[in-house]
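Beneath this line is the structure, given in structure tokens, with notes to follow.
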Amino acid sequence: MKDVKLTSMVKTSGCAAKLPPKKLEEVLKTLPSYKSPQLLEDFSGNEDALAYDLGDNRIMVQSVDFFPPMVDDPYTFGQVAAANAISDIYAMGCTPSFALNLLCFPSCLEDEVMRQILKGGLDKAIEANCVIAGGHTISDQTPKYGLCVSGFGEKDRLWKNHGANIGDVLVLTKKIGVGIISTAIKADMVSEDLKQQAIDSMTELNKKAKEEAQKFDISCATDVTGFSLIGHSIEMVGQENYSIEINSKNVLMFEGVLELARLGILPGGMYNNRDFSDKKVTYAKDITTNMIDVLHDPQTSGGLLLALKEKDAIELVKNLENASIIGRVIEKQETPIVVI
2 MKDVKLTSMV KTSGCAAKLP PKKLEEVLKT LPSYKSPQLL EDFSGNEDAL
52 AYDLGDNRIM VQSVDFFPPM VDDPYTFGQV AAANAISDIY AMGCTPSFAL
102 NLLCFPSCLE DEVMRQILKG GLDKAIEANC VIAGGHTISD QTPKYGLCVS
152 GFGEKDRLWK NHGANIGDVL VLTKKIGVGI ISTAIKADMV SEDLKQQAID
202 SMTELNKKAK EEAQKFDISC ATDVTGFSLI GHSIEMVGQE NYSIEINSKN
252 VLMFEGVLEL ARLGILPGGM YNNRDFSDKK VTYAKDITTN MIDVLHDPQT
302 SGGLLLALKE KDAIELVKNL ENASIIGRVI EKQETPIVVI
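Position one of the sequence shown corresponds to residue 2 (my numbering), numbered consecutively onward.
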């Protein structure tokens with residue numbers, strides 16, 4: 002297989018390619034509602050996956066996620082895309098079971114590139130004990146790959162992205178900044194070491210984080226992906242009668258991303274995320290523009306964001322290498338999010 006630079010074929014990469022959340026919100030609210038009594042969760046609550054009641058305390062969850070490449074290596078791209086798609090199942094407190102491939106592939110690329118993308122996805126699914134049973138492919142000008150993933154869990158242990166308790170703290174299980182790093186990769190402005198750190202993070206399943214978190218009472222959960230830490234925190238608040246305070250000093254981020262932000266190496270999705278959060282966030286006076294940009298950085302295969310009691314959170318972060326307590330659930334403020 003000849004050397005291929007997948008990122009040269011795309012305008013936006015990874016979860017930064019998502020539609021602007023503001024536009025998506027405006028369109029979805031115009032659609033008619035048709036629901037089954039067995040449907041426990043759907044897109045109306047910005048959940049990570051649908052949840053369907055199977056009876057006897059059993060549920061099935063399902064989600065779909067695909068995007069253009071954020072790395073050049075086809076195999077790595079497949080791994081990242083699969084880890085990202087499977088994460089939605091973990092974010093619901095459930096276990097992935099089977100999946101279908103979704104692949105858009107340009108005719109100008111060698112068949113071996115396709116094989117490597119699919120092999121990367123397959124290997125990551127096997128790591129998650131998830132069967133890939135088939136899929137769908139179309140010819141397209143730019144490569145895109147992902148999965149439709151189904152999993153199972155217990156109804157009384159289903160995690161939702163709302164319903165936290167005032168006094169809970171928030172744990173984030175991965176560093177942020179991979180969207181900015183992916184943009185720097187396209188511009189050849191990132192060191193090999195930082196590039197590899199980002200790849201290691203994006204290819205890491207949220208399996209261990211989910212399993213460790215299930216040892217505690219999780220009141221609210223989601224994963225941090227394309228809508229950024231701020232955007233997904235806003236979803237956590239939703240219509241609830243509380244706000245979330247984020248301590249920016251406790252948010253773990255890859256070394257160098259603040260400097261890249263200062264240089265203007267920012268994904269387009271970051272601007273969409275900032276537009277969405279406008280008037281929904283209050284910032285302390287010492288929070289810099291660069292920090293605000295990083296907090297709005299669209300993540301690909303980001304970590305789990307979990308709300309739980311502080312004493313449990315302290316134990317949880319001891320067992321997860323890149324986890325930290327980044328904030329807390331507070332009495333309702335003028336805005337859903339407060340950043341200090």
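We treat Cβ as the ideally placed atom computed from N, Cα and C, and that holds for glycine.
#1: If we call anything under 8 Å between Cβ atoms a contact, is Ser229 one with Asp279?
#2: Would you mind working out which of Pro69, Leu309, Asn274 and Asn207 sits nearest Val330, comparing C-alpha positions?
#3: Are the Cβ atoms of Val258 and Gly178 separated by less than 8 Å?
#4: Where does Ile118 fall in DSSP's three states?
#5: Please list the terminal residues of the continuous beta strand (DSSP E) segment that includes Thr96.
#6: What do you reckon, are the CB atoms on Ile341 and Ser249 nearer than 8 Å?
#7: Could you give the C-beta distance for Ile87 and Val172, rounded to a whole number, given that I count them as a contact under 8 Å?
#8: When we look at the beta-carbon of Ala134 and count the other beta-carbons within 10 Å, is it buried (16 or more) or exposed?
#9: To the nearest angstrom, report how far apart Ser34 and Glu27 are at their CA atoms.
#10: For the beta strand (DSSP E) containing Gly136, name the first residue and the last one.
#11: Can you tell me whether Leu321 is helix, strand or coil according to DSSP?
#12: Rank Asn207, Tyr284, Leu110 and Glu128 by C-alpha distance to the C-alpha of Thr143 and give the top, closest one.
#13: On the CB-based measure, 16 or more other CB atoms within 10 Å of its CB, does Met190 come out buried or exposed?
#14: Given a cut-off of 8 Å, decide if Leu305 and Ala210 are closer than it, judged by their beta-carbon atoms.
#15: Less than 8 Å between the CB atoms is what I'm expecting for Ser244 and Val252, so what's the real figure, rounded?
#16: Assuming the contact rule is C-beta atoms closer than 8 Å, Gly94 and Gln215 should be a hit. Round their C-beta distance to whole Å, please.
#17: Name, in chain order, the residues that DSSP records as bridge partners for Cys149.
#18: Rounded to a whole number of angstroms, what is the C-alpha to C-alpha distance between Lys156 and Asp57?
#19: Could you pull out every residue in the same chain whose Cβ sits closer than 6 Å to the Cβ of Lys175, ignoring the five residues on either side in sequence?
#20: Could you tell me if Leu119 is buried or exposed, where buried requires 16 or more neighbouring beta carbons within 10 angstroms of its beta carbon?
#21: Per DSSP, what kind of secondary structure is Ile186 in: helix, strand or coil?
#22: Hey, could you find the ends of the beta strand (DSSP E) Tyr243 is sitting in?
#23: Could you give the residue range of the alpha helix (DSSP H) that holds Ile87?
#24: To test your reading of the DSSP string, which unbroken alpha helix (DSSP H) runs of 4 or more residues are found completely within the region 250–312?
#25: Among the candidates Ala92, Thr283, Leu41 and Tyr284, whose CA atom is the shortest distance from the CA of Leu206?
#26: Among the residues of its own chain, which have a CB less than 8 Å from the CB of Ile200, if the five just before and after it don't count?
#27: Tell me whether Ala222 sits in a helix, a strand or coil according to DSSP, three-state version.
#28: Is Ile231 buried or exposed, if buried means 16 or more other CB atoms sit within 10 Å of its CB?
#29: Reducing DSSP to helix, strand and coil, say where Asp54 ends up.
#30: For the alpha helix (DSSP H) containing Glu27, name the first residue and the last one.
#31: If you draw a straight line from the alpha carbon of Thr283 to that of Phe67, how long is it in whole angstroms?
#32: Less than 6 Å between C-beta atoms, sequence neighbours within five positions excluded: which residues of the same chain meet that for Pro337?
#33: Inspect the beta-carbon positions of Thr301 and Gly180 and report whether they are closer than 8 Å.
#34: Determine the DSSP secondary structure at Glu212, reduced to helix, strand or coil.
#35: Thr226: which of Lys36, Asp89, Leu267 and Leu55 sits nearest, CA to CA?
The structure says:
#1: To locate residue 229, count along the sequence shown from 1; it is residue 228. To locate residue 279, count along the sequence shown from 1; it is residue 278. It is not a contact, given that the beta carbons lie outside the stated cut-off.
#2: Here residue 330 is taken as the residue at index 329 of the sequence shown, counted from 1. Here the closest residue by C-alpha is Leu309.
#3: Along the sequence shown, read from residue 1 onward, the residue named residue 258 stands at position 257. Along the sequence shown, read from residue 1 onward, the residue named residue 178 stands at position 177. Result yes, Cβ atoms of Val258 and Gly178 sit closer than 8 Å.
#4: In the sequence shown, residue 118 corresponds to position 117, counting from 1. Correct three-state label for Ile118: helix.
#5: The sequence position of residue 96 within the sequence shown is 95, counting from 1. That run of the beta strand (DSSP E) goes Thr96 to Phe106.
#6: One-based indexing of the sequence shown puts residue 341 at position 340. One-based indexing of the sequence shown puts residue 249 at position 248. Yes; because the gap between Cβ atoms is below 8 Å, this pair is in contact.
#7: Sequence index remark: in the sequence shown, residue 87 carries index 86 (1-based). Sequence index remark: in the sequence shown, residue 172 carries index 171 (1-based). Beta-carbon to beta-carbon, Ile87 and Val172 are separated by about 20 Å, too far to satisfy the 8 Å threshold.
#8: As a position in the sequence shown, residue 134 is number 133, starting the count at 1. Ala134 should be labelled exposed.
#9: Position 33 of the sequence shown holds residue 34. Position 26 of the sequence shown holds residue 27. Distance between the alpha carbons of Ser34 and Glu27: 15 Å.
#10: Position 135 of the sequence shown holds residue 136. Counting along the chain, the beta strand (DSSP E) containing Gly136 begins and ends at Val132 to Ser140.
#11: Against the sequence shown, residue 321 aligns to sequence position 320. Three-state result, Leu321: coil.
#12: Taking the sequence shown and counting its residues from 1, the one referred to as residue 143 is at position 142. It is Leu110.
#13: Position 189 of the sequence shown, counted from the start, is the residue given in the question as residue 190. Classification for Met190: exposed.
#14: Residue 210 sits at position 209 when you count from the first residue of the sequence shown. Residue 305 sits at position 304 when you count from the first residue of the sequence shown. Result yes, Cβ atoms of Ala210 and Leu305 sit closer than 8 Å.
#15: Residue mapping note: residue 244 aligns to position 243 of the sequence shown, counting from 1. Residue mapping note: residue 252 aligns to position 251 of the sequence shown, counting from 1. Actually they do not touch by this definition, with Cβ atoms about 17 Å apart.
#16: Residue numbering aside, residue 94 sits at position 93 when the sequence shown is read from its first letter. Residue numbering aside, residue 215 sits at position 214 when the sequence shown is read from its first letter. Between Gln215 and Gly94 the Cβ distance is about 6 Å, and since that is below 8 Å, they are a contact.
#17: As a working note, residue 149 is residue 148 in the sequence shown. According to DSSP, which records beta bridges pairwise, Cys149 is partnered with Val65 and Leu101.
#18: What you label residue 156 is simply residue 155 of the sequence shown in a count that begins at 1. What you label residue 57 is simply residue 56 of the sequence shown in a count that begins at 1. If I take the Cα positions, the gap works out to 9 Å.
#19: Residue 175 sits at position 174 when you count from the first residue of the sequence shown. The answer, listed in chain order, is Ser202, Gly303, Gly304 and Asn323.
#20: Translated into the one-based positions of the sequence shown, residue 119 becomes position 118. Buried is the call here.
#21: Residue 186 sits at position 185 when you count from the first residue of the sequence shown. In the structure shown, Ile186 adopts helical secondary structure according to DSSP, grouped into three states.
#22: For the purposes of this step, residue 243 is identified with residue 242 of the sequence shown, where counting begins at 1. Tyr243 to Ile247 is the extent of the beta strand (DSSP E) around Tyr243.
#23: On the sequence shown, residue 87 is found 86 positions in, with the first residue counted as 1. Ile87 -> alpha helix (DSSP H) spans Pro75 to Tyr91.
#24: 258–263, 269–278 and 290–296
#25: If you number the sequence shown from 1, residue 206 lands on position 205. Among Ala92, Thr283, Leu41 and Tyr284, the Cα nearest to that of Leu206 belongs to Ala92.
#26: By 1-based counting over the sequence shown, the position of residue 200 is 199. Counting only Cβ-Cβ distances below 8 Å, and skipping sequence neighbours, we find Val72, Thr77 and Val81.
#27: Position 221 of the sequence shown holds residue 222. Ala222 falls in the strand class under three-state DSSP.
#28: Translated into positions along the sequence shown, residue 231 becomes position 230. Flag for Ile231 reads buried.
#29: Sequence index remark: in the sequence shown, residue 54 carries index 53 (1-based). In the structure shown, Asp54 sits in a strand (DSSP, three-state: E or B).
#30: Walking along the sequence shown from the start, residue 27 turns up at place 26. Where Glu27 is concerned, the enclosing alpha helix (DSSP H) stretches over Pro22 to Leu29.
#31: Against the sequence shown, residue 283 aligns to sequence position 282. Against the sequence shown, residue 67 aligns to sequence position 66. Each residue's alpha carbon lies about 32 Å from the other.
#32: Stepping through the sequence shown from its first residue, residue 337 is reached at position 336. Ile235, Val238, Ser244 and Lys281.
#33: Here residue 301 is taken as the residue at index 300 of the sequence shown, counted from 1. Here residue 180 is taken as the residue at index 179 of the sequence shown, counted from 1. Going by C-beta atoms, Thr301 is nearer than 8 Å to Gly180.
#34: In the sequence shown, residue 212 corresponds to position 211, counting from 1. Glu212: helix per DSSP, three-state reduction.
#35: On the sequence shown, residue 226 is found 225 positions in, with the first residue counted as 1. Comparing Cα positions, the closest option is Asp89.
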